[in-house]
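A short worksheet on the structure shown next.
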Amino acid sequence: MSDTTNASTPTLVNKALYLSHFTPSMMAPETLETMLVQREPLLQRSLDHVLESLRTGSSHHTLFVGPRGIGKTHLISLLHHRLAQTEEAKSKALIAWMREEEWGVTSFFELVLRILRTVDASYPELQIEARTTPLYDLPLKEAEKLVESILLDVLGSKRLVVLLENLDDLFDQLGEQGQKAWRAFIQNHNNMVLVCTTPALFAGVSLQKSVFYGFFDIEALRKLDFEDVVSLLSKIAVERGDQELAAFIATSEGRARIRAVHHLAEGNPRIYIIFAQFLSAQALDELVPAFMHTLDELTPYYQARMKELPGQQRKIVEYLVNYRGAAPVKQIAKTCFITQQICSSQLKQLKDKRYVRSIEQGRESYYELCEPLMRLCMEVKKQRGEPISLFVEMLQIWYSETELQEWLKTPQEQRNFDSRHIEKAIEGLKMQGIEPKLKAQIHALGQCEGVEAEILLYKEIAQTRPINALSTKVRAFVLLTGARLPALCTSLKAELPQIKSAFQSILNQSETSLTRPKAVGIYTNLIVAHYGLFNLDRDAAQENVERLVTLLLQYPAHAVTSIMICGQLGTANEYQTWLTALLQSIEAHSNASGATKVQSIWCRMASAYSSWNEGKDPRSILSLSREERNLLLKLANDNSYSVSASFTVDEEK
Amino acid sequence: MKPNPGGMLQISDIVGRDSVVAYLQSTLEQQSILLVAERRTGKTHVLEKFKATAPVNWVVIKRDIGAIRSAHEFVQYLMADLYPYLEAKTNFRNWLQGLGEQIGGAQIGPVKLPNFAAKQWKQILSDTVAHLHDNHAMDRVVFLWDELPWMLEIIAKNNPQEAMELLDVLRALRQQHASKLRMVFTGSLGLHHIVRRLTALGYNNTPVNDMLAVEVEPLTQTDATGLVQRLFTDNGLSVTSPSVYEETAQTLDCIPFYIHHVVSALLKNSASSSQQLDMAAVHAVIDHGIHSSDNPWDLQHYEERTQDYYQLQRAECLALLDVVASQIAPLPMVDAIRLAKAAYPLVEQQQWIELSRLLERDHYFIRNAASEVSFKFTVVKRWWVWHRGLTVQHKGEEA
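Listed in order, the protein sequences are those of chains A and B.
Per the working numbering, the first sequence starts with residue 1, numbered consecutively.
Per the working numbering, the second sequence starts with residue 1001, numbered consecutively.
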């Protein structure tokens, strides 16, 4: 599949295929350098450690940890490339780059043999093969000692840098005796520097009773965040010679699509490389088979992992494959028809075996799959020839219904791909739910840290145009919440008609659904929205204030609570201006007793809350009514009472 | 100096071990040593430093023997290690030639040994060591045998008798060649555990009662503070106050392994290089090491090994550990026993006293002159309190 011979003058398809068969250890170093994102500091640090070991008498051993597809081989390949070019490596070291799998190594003796073979291939001038040939005529015990002597002789005064993948598998094969022999060799001769990888931390390096406990400096590879992904896909586009695509990725629409893909790919670079195949419409009909081929290569590995599991554990993993996200133990147990105790015990074993990881949230434990690639491959297996849902979602995110319909017009005999994926994607788009791009943007809003990031995201939303009616409506509402930020007002004024219409919709909806238990949530949404409208167009805000006030007066204590929650909005001056205007409106649009009631509740609750916050004395709020007291207590203790909590989208509504 | 958690440092970067090295040297003038410490305390670095600074007329031979599978193989390595110092001596060469044919003999490094498989390993070992006296230039020959308990464990699995005999022969050699020969045993596994297992199989001797047990302690506060400062400054980390160095060292019990780990973790955070670090930033890293469910420092090991170490008394052991961990200050041993006894009233007082002694031996507790006990390592204590959900009480308060 890969076409390295054409790498210098590739066609678009050839280049895409070359990337799609992503085998870093066989790729040109320049390509690997180009495609490195996020990890330059890590790579440089690791290189520095090896060079320090070569320059001094120290030995710094590194272990990269991360699930399949996270970029470990890419990192090792680049490390090898950079290291090999240094003067230290040329004069003071031999490098043994053990590529991918070392099957059949069941003893330290066999490991040394493999190392010698690897070194022989890279340094033929050392004539190692001639030295190792006599080993095969010796009894094993003699051969074991002689092979170490040969390695020492080959090295002379140089040090051996061993780059080795899947250390966990190797340790399993070596067993304790082999590990002890290896460790003894390293300690006795101090001439070996190890840089290894593993999909997850394992007992052989992390338990105090293990031979190699504490031996390695552990470097955990992080998932790619959104900006890393944008950078990676841009680089892939440039690598493919597709400047148009690279420019598109930089646009708001491009970023919005990538954001939607981001949540599917869970930060795993290998999945992005696969998705990158779909970024160019021209390449699609050639790349679908390539995508399937990539999955086909990975699937047997994950199928084998599943077969290793006992029945109950397999059931749990299958559930998590389908669930897509972190699920609480209770839910897993219920769905798998096992007790919670058994489920917890099985999950602990799965965690030790590195199938799942746990996330603690308060007292509850959530579990999710360690490896997103596993989900992808298991879906392929499970769906047995049916369209792969992840693939279909990707198509829905990246292409419009029109573009997908165009492909279907390709004559049957010219098609290289299974058109059911396209048909399914079109079907999904027609269902008119909230578009994945918008969903991803709203999700990202809820996770934003800092006003700057929020502003950038709102601008992205403003610049991307949904297609279906529901998404258009939801987008307008989201922009309404953004209008509270002064920096956005100018750019959002162009959307004023839609935003006004969105506010009307919210008012209508609130009038029908308002109840006492839901009042604070509904009022908070309304106030945030009205404040946004106020910033954009005071007249528009004024037009709707009577209806707003009518709603707020139904549960005045709840309204006051919502106003206090929204004290997080804007700067003091802007908020004060709006609040003053709102309170004046309340006075103007209600009868005397209604206005007085809101004013007095406001004074009472705000004063009590302020005293309580300053002195942390709960007695400050004892003078309030029970309802007012409970509202303030919830305000102090409950995260659901916050402005960001109002950023949720309920598709049913 | 770059942080290098778990790796091998160059000699000049081994900080604060001069006094223990000097103590080793002065002790080895008189007797052999059993070097004891928890894992990753720095035993190997102490041995390296000792070897590098030993007197010129001492021959110091260091070897990790943890993978050796038989006494015969052990003798092969010993012969290979002594060979460079004896090959010039006619007696030795003649003796070696008389041992057996070269064919079938092991090659260890550059040394090709004869095949003496047919001979008794005990005799070969004794004869080899006897040849030490051929070389008068060697005042002392010191064998530093790292991971000796692992070797004995492997040998004992297949042939417990051989393990017992090897221990006895080594002891006899120390006695016979007391003027010249010294041994230092050390390892990740305590030798007493191996001897206990052999005892259960009928071994009645005390094979190391002629050796002085020397414990490798954490660094002194001064040395640990210096190490922290050096690692920070050499790697471009600045602090809000010099007290950060001292407090970091103290919080990590002056253990170099944890110090290197924490500095390494700080360097991995890009924010560390651009702003001054205070103790809050350092504590965040330390807290992760102690409290993370990933268990990066494997502090879980301290709880798990009580199963193996204390077996039928494990429950009482855990009760005693919980009691002491729950106190912010050292607790009189009698009070600790009294509180633990509340849960296990039928256990005799003497058993509690013995249990407390074992917990000291195994580095859980430390006892001061006033017979008050506390956790030896605050890192372990903090993990223990967190993991077992204990509440720390001030002196005088009781649950």
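Glycine included, C-beta positions come from ideal geometry on N, C-alpha and C.
Interfacial residues, the stretch 1007-1031 of chain B to chain A, with Cβ spacing under 8 angstroms: G1007, M1008, L1009, Q1010, I1011 and D1013
Partner residues on chain B for P41 (chain A), Cβ-Cβ distance less than 7 angstroms: Against chain B, the beta carbon of P41 (chain A) has neighbours under 7 angstroms at S1270, listed in chain order.
Neighbouring residues, chain E, relative to A1067 (chain B) (Cβ below 7 angstroms): Of the chains in the structure shown, none is chain E; the protein chains are A and B.
Segment limits, beta strand (DSSP E) that includes S365 (chain A): Looking at the DSSP string, the run of the beta strand (DSSP E) that includes S365 (chain A) is E364 to L369.
Spatial distance of Y1077 (chain B) from I1033 (chain B) (CA atoms): 20 angstroms
Length of the line joining the Cα atoms of A636 (chain A) and A606 (chain A): 13 angstroms
S1019 (chain B) versus V1111 (chain B): straight-line alpha-carbon distance, rounded: 36 angstroms
Whole-angstrom distance between I1259 (chain B) and V1228 (chain B), CA atom to CA atom: 7 angstroms
Of the residues A:Q303, A:E244, A:A333 and A:Q396, the one placed nearest K437 (chain A), counting alpha carbons only: Among A:Q303, A:E244, A:A333 and A:Q396, the Cα nearest to that of K437 (chain A) belongs to A:Q396.
Residue from B:F1377, B:A1369, B:L1346 and B:A1370 whose Cα sits closest to the Cα of L1359 (chain B): B:F1377
Status (buried if at least 16 other CB within 10 Å, exposed otherwise) for K1049 (chain B): buried
Spatial distance of A281 (chain A) from L245 (chain A) (CA atoms): For A281 (chain A), the predicted model reports a pLDDT of 46, less than 50, meaning its position is unreliable and no value from the coordinates is stated.
Neighbour-count burial assignment, E266 (chain A), 16 or more Cβ in a 10 Å radius: By the 10 Å Cβ count, E266 (chain A) comes out buried.
CB contact check: F215 (chain A) to chain B, cutoff 8 angstroms: yes
Beta-carbon proximity list for Q504 (chain A), same chain, < 8 angstroms, skipping 5 on both sides: N544
8 angstroms Cβ cutoff, A1106 (chain B) in contact with chain A: yes
Nearest to R547 (chain A) (by Cα), restricted to the options A:D137, A:L232 and A:Y523: Out of A:D137, A:L232 and A:Y523, A:Y523 has the C-alpha closest to the C-alpha of R547 (chain A).
CB contact flag (L373 (chain A), N268 (chain A), <8 angstroms): yes
Beta-carbon proximity list for L404 (chain A), same chain, < 8 angstroms, skipping 5 on both sides: L395, I422, A425, I426 and L429
Interfacial residues, the stretch 1248-1269 of chain B to chain A, with Cβ spacing under 9 angstroms: F1257, H1260, H1261, S1264, L1267 and K1268
Endpoints, alpha helix (DSSP H) assigned at I565 (chain A): P556 to I565
Rounded straight-line distance, which links the Cα of A200 (chain A) to that of G482 (chain A): Those two C-alpha atoms are separated by around 41 angstroms.
Beta-carbon spacing of L1219 (chain B), V1015 (chain B) below 8 angstroms: yes
Nonlocal neighbours in the same chain, by C-beta distance under 8 angstroms from I1366 (chain B), ignoring five residues either side: Correct list, in chain order: E1360, V1373, S1374, F1375 and K1376.
Separation of S1012 (chain B) from I359 (chain A), as counted between CA atoms: 43 angstroms
DSSP state of L163 (chain A) mapped onto helix, strand, coil: The three-state secondary structure of L163 (chain A), taken from DSSP, is strand.
Residue span of the alpha helix (DSSP H) that contains A425 (chain A), given as start and end: S419 to K430
Under 8 angstroms between C-beta atoms of K145 (chain A) and I1108 (chain B): yes
Contacts that S206 (chain A) makes with chain B (C-beta to C-beta distance below 8 angstroms): Result: N1295, P1296 and D1298.
Per-residue contacts from W1150 (chain B) into chain A (C-beta, under 7 angstroms): K180
Proximal residues to L32 (chain A) (C-beta, below 8 angstroms), its chain only, five neighbours per side dropped: P24, H74, S77, L78 and H81
Run of the beta strand (DSSP E) containing V1142 (chain B), from where it starts to where it stops: Its beta strand (DSSP E) spans residues R1140 to D1146.
Rounded C-alpha distance that separates A84 (chain A) from S1264 (chain B): Distance between the alpha carbons of A84 (chain A) and S1264 (chain B): 25 angstroms.
Test item: CB-CB of L160 (chain A) and L264 (chain A) under 8 angstroms: No, these two residues do not count as a Cβ contact at 8 angstroms.
Endpoints, beta strand (DSSP E) assigned at A93 (chain A): A93 to M98
Contact list for T1044 (chain B) against chain A, beta-carbon separation under 9 angstroms: Q187
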